[in-house]
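Student: Note that our numbering has the sequence shown beginning at 1397, numbered continuously upward. Note that CB positions come from ideal geometry on N, CA and C, so glycine has one too. Let me begin by handing over the structure; questions about it come next.
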Amino acid sequence: MENQLFNNNIMKLGVMAFNCSHGSTVTTADGVWPMTWSDNAALAKMVDKSGMEVLLPVGRWKGYGGETNFNNSTFESFTWASGISAITENCTVFATVHAPLIHPVAAAKMAATIDHISNGRFAINLVAGWFKNEFEMFDNTWREHGQRYEYASEWIELVKRLWTEENEFDFHGDFFQGKDLWSQPKPVQKPRPPIMNAGSSSQGQLFSATHADMNFVMLRQKSEGSDKHQIQVLKTLATNLERRSQCWIHAYVVCRETEKEAKDYLHHYVIEKGDNTAVNNMLDIFGLQSKTLEPEVLDNFKFHFKAGHGGYPLIGTPEQIVADIQRLSKMGVNGILLSWV
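Here's what the structure looks like:
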């Protein structure tokens, strides 16, 4: 079957982060995502029947502390994708992969296995680096920013070869060495499963344009013009490499019958019930605090991370949210991964 990432819909939709406790909202408000397997399975089946295209987990190994200990309980994404693939029929099912934590020979076979379980509906969200405090749990080598992408480039090159080459081969790189490398079965999808990457720095953007089919973007939200320019830069990079790259974003949704009701609920779960300790811990891990950001920028950052892990706000009535999605499409966004309280 055709992978839904490449269907004819101008705007594609999916749901993300429901493999984690609290999903994408850093709040103590009633009704936050409980993150049980039965809830994951029920939501996946609902989305699968809805006409949306994507189910995407995040990769986390430790929470952020605070009253919520946000994202502390998390289903591992490869095994999650295997289970979700077995109970769905239509959606593309992702695994989020931290390249430094899984050897490419193992990752290639795990991915191919899920591609068979899903009948060609699997995709990888590849992460070149992550938070140091989580990587330290693995006694893993901590590489500086530039070297992470050099490592990830070699990692994905090796995975792609394992997916496609019909004969054993040797590999001699700066980070990986291997003799008589081989992987079978090959993925169902030809030539390979799709790849997403969230490169935001100049080196990360080039990596994404070179290796990924989708760039997962955190829009800066300064203005519609600046967001449109940000998207166009990414697509131009891919075009210059004679490739095509979709632009995907994350958006958090607060939908009510009236705009006032939506904004009132947003205020309730962010301002009245937001977990400020967890968000401050998050900022410390990111290296973003009052020493590096202006107070207004810092407050805005905290608000959006409590509201929906820094996603794009879709707030209002159903009609207003549809209009916002149409506007994002005109700006060049190809897909939106949604989350709610």
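Under 6 Å Cβ to Cβ from Pro1496, same chain only, skipping five residues before and after it: list those, please.
Tutor: The answer, listed in chain order, is Asn1536.
Student: Can Tyr1460 and Asn1672 be called in contact, C-beta distance under 7 Å?
Tutor: no
Student: For Ala1634, tell me which candidate among Glu1561, Met1431, Asp1609 has the shortest Cα-Cα distance.
Tutor: Asp1609
Student: Quick one: what does DSSP say His1494 is sitting in, helix, strand or coil?
Tutor: strand
Student: Just the C-alpha distance for Gly1525 and Gln1722, rounded to the nearest angstrom, thanks.
Tutor: 33 Å
Student: What do you get for Pro1500, buried or exposed, if any count of 16 or more other CB atoms within 10 angstroms of its CB means buried?
Tutor: buried
Student: If we ignore side chains and look at the alpha-carbon of each, how far apart do Leu1602 and Glu1653 end up?
Tutor: 42 Å
Student: Taking Cβ to Cβ, would you say Arg1456 is nearer than 7 Å to Asn1467?
Tutor: Going by C-beta atoms, Arg1456 is nearer than 7 Å to Asn1467.
Student: Among the candidates Val1450, Ser1420, Arg1616, whose CA atom is the shortest distance from the CA of Phe1402?
Tutor: Val1450
Student: Helix, strand or coil: how does DSSP classify Val1675 here?
Tutor: It is helical.
Student: As an exercise, report each continuous alpha helix (DSSP H) stretch of at least 4 residues that is fully enclosed by the region 1485 to 1554, in chain order.
Tutor: 1500 to 1513, 1528 to 1531
Student: Do Pro1453 and Thr1423 have their C-beta atoms within less than 7 Å of each other?
Tutor: no
Student: From this set, Gln1642, Val1666, Phe1701, which residue's C-alpha is nearest Gly1731's C-alpha?
Tutor: Gln1642
Student: State buried or exposed for Ile1667, treating a residue as buried only when at least 16 other CB atoms are found within 10 Å of its CB.
Tutor: exposed
Student: Which one or two residues does DSSP pair with Gly1670 in a beta bridge?
Tutor: Thr1423
Student: Where in the region 1564 to 1606 do unbroken runs of the beta strand (DSSP E), each at least 3 residues long, occur, reported from the N-terminal end onward?
Tutor: 1565 to 1568, 1573 to 1577, 1591 to 1593, all fully within the region 1564 to 1606.
Student: Flag this pair as yes or no: are the beta carbons of Met1431 and Ser1417 separated by less than 7 Å?
Tutor: yes
Student: What do you get for Asp1623, buried or exposed, if any count of 16 or more other CB atoms within 10 angstroms of its CB means buried?
Tutor: buried
Student: By Cβ distance, which residues of its chain are closer than 8 Å to Asp1511, with the 5 residues on each side in sequence left out?
Tutor: The beta carbon of Asp1511 sits closer than 8 Å to the beta carbons of Arg1517, Phe1518, Pro1583, Val1584, Gln1585, Pro1589 from its chain, once the five residues preceding and following it are set aside; these are given in chain order.
Student: Looking at His1494 and Val1523, is the spacing between their C-beta atoms short of 7 Å?
Tutor: Contact check for Val1523 against His1494 passes: the beta carbons are separated by less than 7 Å.
Student: Helix, strand or coil for Phe1612 per DSSP?
Tutor: strand
Student: Closest by CA to Trp1429, which one among Asn1415, Lys1441, Met1442?
Tutor: Asn1415
Student: Taking the CB atoms as reference points, tell me whether Tyr1708 and Ala1425 lie closer together than 7 Å.
Tutor: Taking 7 Å as the Cβ cut-off, Tyr1708 and Ala1425 do not qualify as a contacting pair.
Student: Grab the span of the alpha helix (DSSP H) containing Ser1473 for me, first residue to last.
Tutor: Counting along the chain, the alpha helix (DSSP H) containing Ser1473 begins and ends at 1473 to 1483.
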